[in-house]
Amino acid sequence: MKLYVKKGQRKTNPFVFVFLAIVFIGSTSFLAAKTINKMDEFNQTKSELEVLEDEKSHLETSSKDFTIKEEELQKQVIDLEQRLQQIKRENPEVEPVTEDNKKYAYLTFDDGPSKNTPKILDFLKANHIKATFFVIGDASQTATYKRIVEEGHTLAVHTNTHKYSDIYKNVDSFMKDIERLDQLLEESTGIKPNVMRFPGGSNNTIAKRYAGFDIMEQIIPKMKQQGFVYFDWNVDSGDASKSTQDKQVIVDSVLNGAKSKEQAIILMHDAAAKTTTVEALPEIVEGLRKQGFVFEKLTAETETIHFR
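Below you can see the structure in the form of C-alpha coordinates.
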(Lines of atoms letter the chains of each structure in order from A and count residues from 1; the text may use other names and numbers.)
(Lines give C-alpha, C1' and ligand atoms only; values in the text may rest on other atoms or scores of the structure.)
Protein backbone atom coordinates (compact mmCIF):
# COMPACT_ATOMS: atom_id res chain seq x y z
CA MET A 1 0.00 0.00 0.00
CA LYS A 2 1.42 3.40 -0.90
CA LEU A 3 1.10 6.49 1.22
CA TYR A 4 0.45 9.75 -0.48
CA VAL A 5 1.10 13.19 0.80
CA LYS A 6 -1.05 15.99 -0.24
CA LYS A 7 0.52 18.56 -2.31
CA GLY A 8 1.83 21.46 -0.21
CA GLN A 9 2.16 19.37 3.06
CA ARG A 10 5.71 18.97 4.42
CA LYS A 11 7.05 15.68 5.52
CA THR A 12 8.31 15.74 9.25
CA ASN A 13 11.87 14.54 9.81
CA PRO A 14 11.92 11.82 12.53
CA PHE A 15 15.22 13.18 13.89
CA VAL A 16 13.42 16.31 14.98
CA PHE A 17 11.27 14.27 17.34
CA VAL A 18 14.31 12.63 18.79
CA PHE A 19 16.03 15.97 19.29
CA LEU A 20 12.99 17.49 20.96
CA ALA A 21 12.66 14.50 23.25
CA ILE A 22 16.27 14.79 24.31
CA VAL A 23 15.88 18.52 24.98
CA PHE A 24 12.72 17.90 27.01
CA ILE A 25 14.29 15.16 29.08
CA GLY A 26 17.41 17.26 29.67
CA SER A 27 15.41 20.27 30.74
CA THR A 28 13.32 18.16 33.03
CA SER A 29 16.44 16.61 34.62
CA PHE A 30 18.04 20.04 35.02
CA LEU A 31 14.94 21.45 36.66
CA ALA A 32 14.66 18.40 38.89
CA ALA A 33 18.31 18.72 39.97
CA LYS A 34 17.90 22.42 40.60
CA THR A 35 14.78 21.74 42.63
CA ILE A 36 16.62 19.14 44.71
CA ASN A 37 19.47 21.61 45.36
CA LYS A 38 16.98 24.23 46.45
CA MET A 39 15.35 21.72 48.78
CA ASP A 40 18.75 20.84 50.27
CA GLU A 41 19.53 24.51 50.82
CA PHE A 42 16.11 25.02 52.36
CA ASN A 43 16.56 22.06 54.72
CA GLN A 44 20.04 23.27 55.69
CA THR A 45 18.76 26.78 56.38
CA LYS A 46 15.89 25.29 58.38
CA SER A 47 18.36 23.26 60.47
CA GLU A 48 20.52 26.33 61.08
CA LEU A 49 17.45 28.29 62.17
CA GLU A 50 16.51 25.51 64.57
CA VAL A 51 20.03 25.58 66.06
CA LEU A 52 19.87 29.34 66.43
CA GLU A 53 16.47 29.08 68.08
CA ASP A 54 17.89 26.53 70.54
CA GLU A 55 20.86 28.78 71.31
CA LYS A 56 18.56 31.75 71.75
CA SER A 57 16.39 29.76 74.16
CA HIS A 58 19.49 28.62 76.09
CA LEU A 59 20.81 32.18 76.33
CA GLU A 60 17.47 33.46 77.55
CA THR A 61 17.39 30.74 80.22
CA SER A 62 21.00 31.47 81.23
CA SER A 63 20.24 35.17 81.39
CA LYS A 64 17.31 34.51 83.69
CA ASP A 65 19.49 32.26 85.90
CA PHE A 66 22.22 34.91 86.02
CA THR A 67 19.69 37.56 86.99
CA ILE A 68 18.37 35.34 89.77
CA LYS A 69 21.91 34.59 91.04
CA GLU A 70 22.84 38.27 90.89
CA GLU A 71 19.78 39.12 92.96
CA GLU A 72 20.70 36.41 95.48
CA LEU A 73 24.26 37.76 95.75
CA GLN A 74 22.98 41.28 96.27
CA LYS A 75 20.74 40.00 99.07
CA GLN A 76 23.73 38.23 100.68
CA VAL A 77 25.82 41.42 100.49
CA ILE A 78 23.03 43.39 102.13
CA ASP A 79 22.69 40.74 104.85
CA LEU A 80 26.45 40.83 105.52
CA GLU A 81 26.47 44.62 105.72
CA GLN A 82 23.58 44.54 108.18
CA ARG A 83 25.37 41.94 110.31
CA LEU A 84 28.57 44.04 110.27
CA GLN A 85 26.66 47.12 111.41
CA GLN A 86 25.03 45.08 114.16
CA ILE A 87 28.43 43.82 115.36
CA LYS A 88 29.75 47.39 115.40
CA ARG A 89 26.73 48.53 117.42
CA GLU A 90 27.15 45.67 119.90
CA ASN A 91 30.92 46.22 120.19
CA PRO A 92 31.48 49.98 120.00
CA GLU A 93 34.94 49.69 121.56
CA VAL A 94 36.27 47.43 118.82
CA GLU A 95 37.89 49.38 116.00
CA PRO A 96 38.52 47.48 112.74
CA VAL A 97 42.24 46.74 112.42
CA THR A 98 43.93 48.09 109.30
CA GLU A 99 47.55 48.60 108.33
CA ASP A 100 47.16 52.28 109.20
CA ASN A 101 45.98 51.77 112.79
CA LYS A 102 47.51 48.39 113.70
CA LYS A 103 48.92 48.25 117.21
CA TYR A 104 51.21 45.51 118.49
CA ALA A 105 51.24 43.87 121.90
CA TYR A 106 54.20 41.71 122.92
CA LEU A 107 53.49 39.34 125.80
CA THR A 108 56.82 38.58 127.49
CA PHE A 109 57.46 36.17 130.37
CA ASP A 110 60.58 36.28 132.57
CA ASP A 111 62.17 33.80 135.02
CA GLY A 112 60.72 30.54 133.67
CA PRO A 113 60.29 27.80 132.77
CA SER A 114 58.22 26.43 135.67
CA LYS A 115 55.03 24.49 136.20
CA ASN A 116 53.19 27.62 135.00
CA THR A 117 54.88 27.73 131.60
CA PRO A 118 53.02 24.77 130.01
CA LYS A 119 49.72 26.32 131.15
CA ILE A 120 50.68 29.58 129.45
CA LEU A 121 51.72 27.70 126.31
CA ASP A 122 48.39 25.86 126.25
CA PHE A 123 46.49 29.15 126.46
CA LEU A 124 48.60 30.81 123.76
CA LYS A 125 48.16 27.85 121.43
CA ALA A 126 44.38 27.81 121.91
CA ASN A 127 44.22 31.53 121.10
CA HIS A 128 46.72 31.54 118.21
CA ILE A 129 49.09 33.96 119.96
CA LYS A 130 52.89 34.09 119.78
CA ALA A 131 54.86 35.38 122.75
CA THR A 132 58.42 35.74 124.07
CA PHE A 133 59.96 33.74 126.92
CA PHE A 134 63.06 35.15 128.65
CA VAL A 135 64.25 31.97 130.30
CA ILE A 136 66.81 31.05 132.94
CA GLY A 137 68.83 27.84 133.07
CA ASP A 138 67.23 24.62 134.29
CA ALA A 139 68.44 21.30 132.89
CA SER A 140 65.17 19.63 133.93
CA GLN A 141 63.20 21.94 131.63
CA THR A 142 64.72 21.00 128.28
CA ALA A 143 61.37 19.70 127.00
CA THR A 144 59.76 23.06 127.77
CA TYR A 145 62.54 24.97 125.99
CA LYS A 146 61.95 22.73 122.99
CA ARG A 147 58.18 23.22 123.09
CA ILE A 148 58.57 27.01 123.16
CA VAL A 149 60.57 26.84 119.94
CA GLU A 150 58.42 24.21 118.23
CA GLU A 151 55.23 26.20 118.82
CA GLY A 152 56.69 29.29 117.17
CA HIS A 153 57.47 31.50 120.18
CA THR A 154 60.71 33.39 120.77
CA LEU A 155 63.10 31.66 123.15
CA ALA A 156 65.23 34.41 124.69
CA VAL A 157 67.90 34.53 127.39
CA HIS A 158 67.58 36.03 130.87
CA THR A 159 70.88 34.72 132.34
CA ASN A 160 71.53 31.22 133.57
CA THR A 161 71.26 31.73 137.35
CA HIS A 162 69.48 35.08 137.75
CA LYS A 163 71.53 35.60 140.90
CA TYR A 164 72.32 39.29 141.03
CA SER A 165 75.26 38.84 143.39
CA ASP A 166 76.95 36.48 140.92
CA ILE A 167 76.02 37.80 137.48
CA TYR A 168 76.61 41.47 138.28
CA LYS A 169 79.90 40.93 140.07
CA ASN A 170 81.80 42.01 136.94
CA VAL A 171 81.60 41.79 133.16
CA ASP A 172 83.33 38.41 132.95
CA SER A 173 80.99 36.77 135.44
CA PHE A 174 77.98 38.04 133.50
CA MET A 175 79.31 36.82 130.15
CA LYS A 176 80.20 33.37 131.52
CA ASP A 177 76.72 33.02 132.99
CA ILE A 178 75.15 33.89 129.62
CA GLU A 179 77.47 31.45 127.85
CA ARG A 180 76.33 28.57 130.08
CA LEU A 181 72.68 29.33 129.31
CA ASP A 182 73.42 29.62 125.59
CA GLN A 183 74.98 26.19 125.60
CA LEU A 184 72.03 24.62 127.44
CA LEU A 185 69.47 26.17 125.08
CA GLU A 186 71.37 25.23 121.95
CA GLU A 187 71.77 21.64 123.14
CA SER A 188 68.05 21.48 124.03
CA THR A 189 66.59 23.09 120.92
CA GLY A 190 69.25 23.28 118.24
CA ILE A 191 69.04 27.07 118.04
CA LYS A 192 71.16 29.85 119.49
CA PRO A 193 68.97 32.73 120.77
CA ASN A 194 69.88 36.31 119.88
CA VAL A 195 67.27 38.14 122.00
CA MET A 196 67.80 38.83 125.71
CA ARG A 197 66.64 40.82 128.72
CA PHE A 198 68.78 41.90 131.65
CA PRO A 199 67.52 40.82 135.08
CA GLY A 200 66.06 43.97 136.60
CA GLY A 201 66.22 45.77 133.24
CA SER A 202 69.07 47.62 131.58
CA ASN A 203 68.82 50.45 134.14
CA ASN A 204 68.63 48.28 137.27
CA THR A 205 70.16 49.71 140.43
CA ILE A 206 70.91 46.32 141.98
CA ALA A 207 73.93 45.78 139.74
CA LYS A 208 75.54 48.91 141.15
CA ARG A 209 75.47 47.37 144.60
CA TYR A 210 77.82 44.58 143.52
CA ALA A 211 80.03 46.03 140.78
CA GLY A 212 79.80 49.79 140.89
CA PHE A 213 77.97 52.51 139.07
CA ASP A 214 79.11 51.82 135.48
CA ILE A 215 78.72 48.01 135.34
CA MET A 216 75.76 48.13 132.91
CA GLU A 217 77.63 50.53 130.63
CA GLN A 218 80.30 47.84 130.34
CA ILE A 219 77.98 44.82 129.96
CA ILE A 220 75.63 46.25 127.30
CA PRO A 221 78.33 46.79 124.62
CA LYS A 222 79.70 43.28 125.28
CA MET A 223 76.28 41.72 124.73
CA LYS A 224 75.87 43.65 121.48
CA GLN A 225 79.26 42.40 120.33
CA GLN A 226 78.03 38.85 120.93
CA GLY A 227 75.10 39.50 118.56
CA PHE A 228 72.36 39.99 121.16
CA VAL A 229 69.49 42.47 120.91
CA TYR A 230 68.14 43.39 124.34
CA PHE A 231 64.64 44.50 125.29
CA ASP A 232 63.28 46.32 128.31
CA TRP A 233 59.52 47.02 128.58
CA ASN A 234 57.01 49.86 128.57
CA VAL A 235 54.07 48.10 130.26
CA ASP A 236 54.57 46.50 133.68
CA SER A 237 51.99 43.92 134.80
CA GLY A 238 52.95 44.44 138.44
CA ASP A 239 53.13 40.70 139.05
CA ALA A 240 56.67 41.05 140.48
CA SER A 241 55.60 43.49 143.20
CA LYS A 242 54.47 40.58 145.35
CA SER A 243 55.29 36.89 145.42
CA THR A 244 51.76 36.17 144.17
CA GLN A 245 50.00 39.32 143.00
CA ASP A 246 46.21 39.75 142.95
CA LYS A 247 44.87 38.75 139.54
CA GLN A 248 42.82 41.92 139.03
CA VAL A 249 45.83 44.10 139.81
CA ILE A 250 47.70 42.36 137.00
CA VAL A 251 44.83 42.76 134.54
CA ASP A 252 44.29 46.43 135.34
CA SER A 253 48.02 47.22 135.25
CA VAL A 254 48.42 45.78 131.77
CA LEU A 255 45.26 47.25 130.22
CA ASN A 256 45.79 50.71 131.70
CA GLY A 257 49.47 50.70 130.82
CA ALA A 258 48.80 49.73 127.19
CA LYS A 259 46.05 52.26 126.47
CA SER A 260 48.25 55.02 125.11
CA LYS A 261 50.73 52.74 123.33
CA GLU A 262 51.10 51.80 119.68
CA GLN A 263 53.69 49.20 120.66
CA ALA A 264 53.24 47.56 124.07
CA ILE A 265 56.05 45.36 125.38
CA ILE A 266 54.45 43.82 128.45
CA LEU A 267 56.51 42.53 131.38
CA MET A 268 55.12 39.40 133.05
CA HIS A 269 56.63 36.43 134.85
CA ASP A 270 56.13 32.67 134.66
CA ALA A 271 58.10 31.60 137.73
CA ALA A 272 56.49 28.97 139.95
CA ALA A 273 54.81 31.46 142.31
CA LYS A 274 53.14 33.45 139.50
CA THR A 275 49.89 31.45 139.34
CA THR A 276 47.71 34.56 139.14
CA THR A 277 49.59 35.73 136.05
CA VAL A 278 48.32 32.64 134.28
CA GLU A 279 44.80 33.31 135.57
CA ALA A 280 44.93 36.92 134.36
CA LEU A 281 45.87 36.08 130.77
CA PRO A 282 42.35 35.57 129.31
CA GLU A 283 41.16 38.99 130.51
CA ILE A 284 44.41 40.63 129.42
CA VAL A 285 44.16 39.23 125.90
CA GLU A 286 40.48 40.10 125.56
CA GLY A 287 41.08 43.63 126.82
CA LEU A 288 44.04 44.24 124.54
CA ARG A 289 42.10 43.03 121.53
CA LYS A 290 39.30 45.44 122.34
CA GLN A 291 41.91 48.21 122.38
CA GLY A 292 42.87 47.23 118.83
CA PHE A 293 46.08 45.31 119.53
CA VAL A 294 47.36 42.35 117.59
CA PHE A 295 49.88 40.01 119.17
CA GLU A 296 53.44 39.39 118.04
CA LYS A 297 56.64 37.91 119.40
CA LEU A 298 59.87 39.85 119.80
CA THR A 299 62.65 39.24 117.30
CA ALA A 300 66.00 40.84 116.61
CA GLU A 301 64.21 42.98 113.99
CA THR A 302 61.51 44.32 116.34
CA GLU A 303 61.73 47.97 117.33
CA THR A 304 63.42 47.95 120.73
CA ILE A 305 62.45 49.53 124.03
CA HIS A 306 65.56 50.50 126.04
CA PHE A 307 65.86 52.14 129.43
CA ARG A 308 69.42 53.02 128.53
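Residues in the sequence shown are numbered from -18 upward in steps of one, following the working numbering. Each residue gets a CB set at the ideal place from its N, CA and C atoms; glycine is no exception.
Item, Value
"Local conformation of Thr258 per DSSP, three classes", "helix"
"Terminal residues of the beta strand (DSSP E) in which Ala137 lies", "Thr135 to Val138"
"7 Å Cβ shell around Val75 - same chain, five flanking residues per side excluded", "Residue confidence for Val75 is low, a pLDDT of 47 falling below 50, so the modelled location carries little weight and cannot support an answer."
"Where Asp339 falls: helix, strand or coil (DSSP)", "Given that the chain is displayed from residue -18 to residue 289, the structure contains no residue 339 and the question cannot be resolved."
"Three-state secondary structure (DSSP) of Tyr126", "helix"
"Per DSSP, cross-strand counterpart(s) of Val116", "Gly93 and Val138"
"Contacting residues, own chain, Cβ-Cβ under 7 Å from Lys106 (five flanking each side not counted)", "Glu132"
"Exposure label - Gly118; buried when at least 16 CB within 10 Å", "buried"
"DSSP three-state assignment for Tyr85, whether helix, strand or coil", "strand"
"Between the CA atoms of Thr42 and Leu33 - distance to the nearest angstrom", "14 Å"
"Option in Tyr87, Phe104, Asp103 and Asn108 with minimal Cα separation from Phe115", "Tyr87"
"Pairwise C-alpha distance: Asp35 and Thr26", "14 Å"
"At least three beta-carbon pairs within less than 8 Å, the region 83 to 103 to the region 277 to 287", "yes"
"Rounded straight-line distance, which links the Cα of His134 to that of Ala112", "5 Å"
"C-beta atoms of Ile286 and Ile246 nearer than 9 Å", "yes"
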